[in-house]
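Undergrad: Quick one: structure below, then a few questions.
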Amino acid sequence: MSTIQVQALHKKYNGLHAVRGISFSVEKGEVFGFLGPNGAGKTSTINMLTGLARPSSGTITIHGMDALKHTKDIQSRIGVVPDESNLYDDLSGLDNLSFCASLYGMKKADRIRKARELLASFSLDAARDRPFRTYSKGMKRKLTIAAAIIHEPEILFLDEPTSGIDVESARQIRRLIRSLHDQGVTIFLTTHYIEDAERLCDRIAFIVEGVIVETDTVSALLSRNKDTREVAFKAVEGGRHLHDAVKQRWPDVTIRAVSAEGIRVVLEHETSIMPFLKLFESGGFDLLEARIIHQSLEDVFVSITGIDIDRLEKAREAEST
Amino acid sequence: MNRVQAFLSILSKDMKTYYLKPPNISWGLIFPLAWTLMFFIRTEGDVDVLELLPGVMGLSILFGTTSMLAVTITFERKQRSFERLLLAPISVNVLMLAKTSGAILFGIANAFVPVLMALLLADLSNVGWLAVLGGVFFISITSTFLGLFIAVSVREVFEAQTFSNFFRFPMIFLCGLFVPIGDLPLFLRPLSHILPLTYGVDILRNGIEHTALFPLWLNFGVLMLFSVGLFGLSTRMIKKRWIL
Ligand SMILES: Nc1ncnc2c1ncn2[C@@H]1O[C@H](COP(=O)(O)OP(=O)(O)OP(=O)(O)O)[C@@H](O)[C@H]1O
Ligand SMILES: [Mg+2]
Numbered sequence: 032m033s034t035i036q037v038q039a040l041h042k043k044y045n046g047l048h049a050v051r052g053i054s055f056s057v058e059k060g061e062v063f064g065f066l067g068p069n070g071a072g073k074t075s076t077i078n079m080l081t082g083l084a085r086p087s088s089g090t091i092t093i094h095g096m097d098a099l100k101h102t103k104d105i106q107s108r109i110g111v112v113p114d115e116s117n118l119y120d121d122l123s124g125l126d127n128l129s130f131c132a133s134l135y136g137m138k139k140a141d142r143i144r145k146a147r148e149l150l151a152s153f154s155l156d157a158a159r160d161r162p163f164r165t166y167s168k169g170m171k172r173k174l175t176i177a178a179a180i181i182h183e184p185e186i187l188f189l190d191e192p193t194s195g196i197d198v199e200s201a202r203q204i205r206r207l208i209r210s211l212h213d214q215g216v217t218i219f220l221t222t223h224y225i226e227d228a229e230r231l232c233d234r235i236a237f238i239v240e241g242v243i244v245e246t247d248t249v250s251a252l253l254s255r256n257k258d259t260r261e262v263a264f265k266a267v268e269g270g271r272h273l274h275d276a277v278k279q280r281w282p283d284v285t286i287r288a289v290s291a292e293g294i295r296v297v298l299e300h301e302t303s304i305m306p307f308l309k310l311f312e313s314g315g316f317d318l319l320e321a322r323i324i325h326q327s328l329e330d331v332f333v334s335i336t337g338i339d340i341d342r343l344e345k346a347r348e349a350e351s352t
Numbered sequence: 270m271n272r273v274q275a276f277l278s279i280l281s282k283d284m285k286t287y288y289l290k291p292p293n294i295s296w297g298l299i300f301p302l303a304w305t306l307m308f309f310i311r312t313e314g315d316v317d318v319l320e321l322l323p324g325v326m327g328l329s330i331l332f333g334t335t336s337m338l339a340v341t342i343t344f345e346r347k348q349r350s351f352e353r354l355l356l357a358p359i360s361v362n363v364l365m366l367a368k369t370s371g372a373i374l375f376g377i378a379n380a381f382v383p384v385l386m387a388l389l390l391a392d393l394s395n396v397g398w399l400a401v402l403g404g405v406f407f408i409s410i411t412s413t414f415l416g417l418f419i420a421v422s423v424r425e426v427f428e429a430q431t432f433s434n435f436f437r438f439p440m441i442f443l444c445g446l447f448v449p450i451g452d453l454p455l456f457l458r459p460l461s462h463i464l465p466l467t468y469g470v471d472i473l474r475n476g477i478e479h480t481a482l483f484p485l486w487l488n489f490g491v492l493m494l495f496s497v498g499l500f501g502l503s504t505r506m507i508k509k510r511w512i513l
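Order-wise, the sequence lines are chains V and X. Residue 352, in our numbering, is where the first sequence stops; the numbers in between run on with no holes. Residue 513, in our numbering, is where the second sequence stops; the numbers in between run on with no holes.
Rendered as structure tokens:
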């Protein structure tokens with residue numbers, strides 16, 4: 032049986048449909064990612080899974096238990112990293128961790144030992160006795176994650192674990208997620224960073240406007256458009272001339288992009304790159320580059336949802352400044 | 270076992286971060302002092318300490334407890350650290366008992382500041398301490414739960430403060446603390462009967478001055494009803510509004 036099973040889950044806030052009947056399941060020990068733009072319903076879903084919000088309709092089963100009836104039993108076996116740090120400003124790093132562990136019934140000696148271990152593994156040793164208030168954003172995030180795993184949960188929920196922090200901290204967090212994965216912890220994370228989803232997740236659900244538009248393993252998603260590879264050619268003569276040469280010879284070939292330096296051509300099925308090279312050679316082109324472009328998860332996301340997350344993100348930032 | 274651990278841990282965290290902080294301790298001391306002084310001045314030194322004591326004790330508890338919950342609950346909710354508690358494997362009832370037990374203890378401690386002062390000024394040998402202790406305990410619980418009810422009804426800390434005054438100030442004048450209920454204008458008397466402090470102070474009066482309006486069992490009964498009602502309403506509100 033799946034560790035998490037969600038059926039027709041729906042969440043409405045006074046007339047606004049945040050989540051519109053989603054269904055998915057997460058297997059034991061798997062890293063499952065919810066990938067989607069702002070406002071897609073990721074946090075709403077996590078809140079319903081963890082008992083912070085009540086579904087408007089639908090069912091959630093975790094460890095075989097109805098999550099709405101056995102919320103507290105389930106909560107004792109899960110850890111939650113919220114999208115914003117929510118530890119106590121006035122408590123030190125160590126006290127924060129110890130307090131969080133105590134809520135799960137851990138004994139004092141165990142709490143302190145585990146808290147020290149975690150502080151060390153997150154390189155927060157030096158800040159151990161400082162109030163949380165004085166931590167930087169990245170340090171706060173790391174401590175928040177430590178607080179969510181100190182009681183050794185079987186399932187860990189992470190809402191945007193790497194957003195808004197520097198590269199090194201993000202790397203540390205990814206490393207930690209991987210090591211938890213190796214220890215058999217089931218992980219549910221949300222992100223709007225495609226790279227995170229690609230690097231961390233076994234399976235991904237694309238969620239847009241409260242609807243899951245696709246769920247699959249990362250490798251399956253990546254191989255989905257394998258038949259249509261793209262090749263970039265660059266030549267001294269420039270993109271315009273390359274474009275004309277190709278179109279004259281093969282009017283049916285799809286050219287994705289034409290730039291000052293070169294073109295991007297779509298290679299259908301088993302088409303080889305060789306005919307193009309021969310064409311350019313015989314046409315007297317001074318070729319600078321011929322490169323097969325690998326499909327990224329982002330391309331798949333864009334082709335499935337028609338949404339460019341990066342662009343949305345930038346538009347939103349521009350709006351808010 | 271887990272529940273006891275979590276309960277004690279929440280209580281000791283609140284004690285450490287809120288109640289034992291110097292500003293709160295001094296607030297707990299200054300407040301009763303100020304009330305006593307005020308009446309001392311008003312009566313031009315000719316003050317009957319025993320007559321004053323129940324009222325000052327009642328107010329010290331009321332103000333001490335209600336003002337703390339705006340911080341321990343409304344503020345923590347605003348800071349989102351309250352979510353952490355809602356995510357913990359403890360029921361909302363145990364959680365809220367843990368969150369309020371600090372304020373209850375704080376209220377009890379506040380009540381004994383005027384008692385200590387009275388010890389210096391008057392003869393307390395005739396005081397029925399059992400009734401006083403029981404009264405202090407129940408006033409503290411009831412006013413804490415009143416504070417809880419206010420704290421969960423609002424979003425902002427300042428709203429909690431304003432809203433508490435809405436309850437606190439009428440109680441000062443209507444609960445027979447300083448003006449005997451019998452001397453109140455007729456139309457105000459029913460109002461004083463629906464305020465919990467009226468019954469609490471009556472218990473203290475019973476213990477300290479050996480005069481009372483109502484029998485003890487009625488006073489305790491009413492306070493208990495108020496406590497259970499306010500606590501029940503508050504936890505229901507949390508479950509309904511805070512678990513979205
Ligand atoms: N408490 C609430 N009351 C009303 N509307 C809400 C509430 N919480 C979320 N929403 C709305 O529900 C929708 C989904 O929000 P949600 O926070 O789940 O999105 P998200 O995918 O987590 O977005 P982000 O990437 O910005 O965190 C949004 O339109 C949001 O405005
Ligand atoms: Mg979110």
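Just so you know, even glycine gets a beta-carbon here, dropped at the ideal spot from N, CA and C.
So X/Q348 contacts chain V; which residues on that side make the cut at Cβ distance below 9 Å?
TA: Taking the first residue of the second sequence as 1, we reach residue 348 of chain X at position 79. Residues of chain V passing the Cβ test: N117, Y119 and D120.
Undergrad: Around the Cβ of X/V273, are there at least 16 other Cβ atoms within 10 angstroms (buried) or fewer (exposed)?
TA: Here residue 273 of chain X refers to the residue found at position 4 of the second sequence. Classification of X/V273: exposed, given that the 10 Å Cβ count is below 16.
Undergrad: Establish whether the CB of X/P358 and some CB of chain V are separated by less than 7 Å.
TA: Position 89 of the second sequence holds residue 358 of chain X. For X/P358, the answer is yes, since a Cβ of chain V falls inside 7 Å of its Cβ.
Undergrad: Cβ of X/L464 within 7 Å of Cβ of X/P323?
TA: Indexing the second sequence from 1 puts residue 464 of chain X at position 195. Indexing the second sequence from 1 puts residue 323 of chain X at position 54. For X/L464 and X/P323, no; Cβs fall outside 7 Å.
Undergrad: Can you list the beta strand (DSSP E) stretches of 3 or more residues lying completely in the stretch 153 to 234 of chain V, in chain order?
TA: 186 to 190 and 217 to 222
Undergrad: Under a three-way DSSP split, which group does V/G110 fall into?
TA: Along the first sequence, one-based indexing puts residue 110 of chain V at 79. DSSP, reduced to helix, strand and coil, places V/G110 within a strand of the structure shown.
Undergrad: Just to check, is the beta-carbon of V/K309 closer than 6 Å to a non-hydrogen atom of ligand 1?
TA: Counting from 1 along the first sequence, the entry for residue 309 of chain V is found at position 278. No; taking the cut-off as 6 Å, the Cβ of V/K309 has no heavy atom of ligand 1 nearer than that.
Undergrad: Assuming V/L231 contacts V/V57 (C-beta within less than 8 Å), just tell me the rounded distance between them.
TA: Within the first sequence, the letter at position 200 stands for residue 231 of chain V. Within the first sequence, the letter at position 26 stands for residue 57 of chain V. Between V/V57 and V/L231 the Cβ distance is about 14 Å, and since that is not below 8 Å, they are no contact.
Undergrad: Tell me the DSSP secondary structure of V/Y119 in three-state form.
TA: Within the first sequence, the letter at position 88 stands for residue 119 of chain V. Coil.
Undergrad: Would you mind working out which of X/R424, X/F381 and X/R458 sits nearest X/L482, comparing C-alpha positions?
TA: Residue mapping note: residue 482 of chain X aligns to position 213 of the second sequence, counting from 1. If we check each option's Cα against that of X/L482, X/R458 comes out closest.
Undergrad: Listed in chain order, which residues of the stretch 326 to 356 of chain X have Cβ atoms closer than 9 Å to some Cβ of chain V?
TA: E345, Q348, R349, S350, F351, E352, R353, L354, L355 and L356
Undergrad: DSSP three-state call for V/A236: helix, strand or coil?
TA: Position 205 of the first sequence holds residue 236 of chain V. Three-state result, V/A236: strand.
Undergrad: Reducing DSSP to helix, strand and coil, say where V/H101 ends up.
TA: The residue labelled residue 101 of chain V in the question sits at position 70 within the first sequence. V/H101: coil per DSSP, three-state reduction.
Undergrad: Starting from X/S336, trace the alpha helix (DSSP H) in both directions and tell me its first and last residue.
TA: For the purposes of this step, residue 336 of chain X is identified with residue 67 of the second sequence, where counting begins at 1. Start and end: V318 to L338.
Undergrad: Could you name the residues, in chain order, whose CB is less than 7 Å away from a heavy atom belonging to ligand 2?
TA: V/K73, V/T74, V/D114, V/D190, V/E191 and V/T221
Undergrad: According to DSSP, is V/G124 part of a helix, a strand, or is it coil?
TA: Within the first sequence, the letter at position 93 stands for residue 124 of chain V. If DSSP states are grouped into helix, strand and coil, V/G124 belongs with the helices.
Undergrad: Applying a beta-carbon distance threshold of less than 8 Å, which residues of chain X neighbour V/G82?
TA: Taking the first sequence and counting its residues from 1, one reaches residue 82 of chain V at position 51. Chain X residues near V/G82: L355, L356 and I512.
Undergrad: Using only alpha-carbon positions, find the residue among X/K508, X/L494, X/S422 and X/V384 that is nearest to X/G397.
TA: Position 128 of the second sequence holds residue 397 of chain X. The candidate whose alpha carbon is nearest that of X/G397 is X/V384.
Undergrad: Could you round the C-beta distance between V/E292 and V/G269 to whole angstroms and report it? I think they count as a contact, below 8 Å.
TA: As a working note, residue 292 of chain V is residue 261 in the first sequence. As a working note, residue 269 of chain V is residue 238 in the first sequence. Their Cβ separation, rounded to whole angstroms, is 7 Å, which keeps V/E292 and V/G269 in contact under 8 Å.
Undergrad: Which word fits V/A140, buried or exposed, when buried means at least 16 other C-beta atoms lie within 10 angstroms of its C-beta?
TA: On the first sequence, residue 140 of chain V is found 109 positions in, with the first residue counted as 1. Its Cβ having fewer than 16 others within 10 Å, V/A140 is exposed.
Undergrad: Taking Cβ positions only, does V/K103 come closer than 7 Å to chain X?
TA: For this step, residue 103 of chain V is matched to residue 72 along the first sequence. At least one chain X Cβ lies under 7 Å of V/K103.
Undergrad: Are the CB atoms of V/F65 and V/V37 within a distance shorter than 7 Å?
TA: By one-based count along the first sequence, residue 37 of chain V stands at place 6. By one-based count along the first sequence, residue 65 of chain V stands at place 34. Not a contact, by the Cβ cut-off of 7 Å.
Undergrad: How many whole angstroms separate the CB atoms of X/V426 and X/I507, which I take to be in contact at a CB cut-off of 8 Å?
TA: The count along the second sequence starts at 1 and reaches residue 426 of chain X at position 157. The count along the second sequence starts at 1 and reaches residue 507 of chain X at position 238. Not quite, the Cβ-Cβ distance comes to about 17 Å (not below 8 Å), so this is no contact.
Undergrad: With a threshold of 7 Å on Cβ separation, who are the neighbours of X/V401 within its own chain once the five nearest residues in sequence on each side are excluded?
TA: Translated into the one-based positions of the second sequence, residue 401 of chain X becomes position 132. Here the set comprises L473, G476 and I477.
Undergrad: Return the CA-CA distance between V/A178 and V/S88, expressed in angstroms with no decimal places.
TA: Locating residue 178 of chain V in the first sequence gives position 147, counting from the first residue. Locating residue 88 of chain V in the first sequence gives position 57, counting from the first residue. Whole-angstrom Cα-Cα distance: 31 Å.
Undergrad: For V/M96, name the three-state secondary structure that DSSP assigns.
TA: Position 65 of the first sequence, counted from the start, is the residue given in the question as residue 96 of chain V. V/M96 falls in the strand class under three-state DSSP.
Undergrad: Mapping DSSP to helix, strand and coil, what is X/D392?
TA: On the second sequence, position 123 is the one that residue 392 of chain X refers to. X/D392 falls in the coil class under three-state DSSP.
Undergrad: X/S278 CB to nearest chain V CB: under 7 Å?
TA: Translated into the one-based positions of the second sequence, residue 278 of chain X becomes position 9. Closer than 7 Å: yes.
Undergrad: Please report the distance separating the alpha-carbon of V/G195 from that of V/Y224.
TA: Sequence index remark: in the first sequence, residue 195 of chain V carries index 164 (1-based). Sequence index remark: in the first sequence, residue 224 of chain V carries index 193 (1-based). Their backbone Cα atoms lie some 11 Å apart in a straight line.
Undergrad: Against chain V, with Cβ distances strictly below 7 Å, would X/A275 count as a contact?
TA: Working through the second sequence from its first residue, we reach residue 275 of chain X at position 6. Taking Cβ atoms only, chain V reaches closer than 7 Å to X/A275, which makes this a yes.
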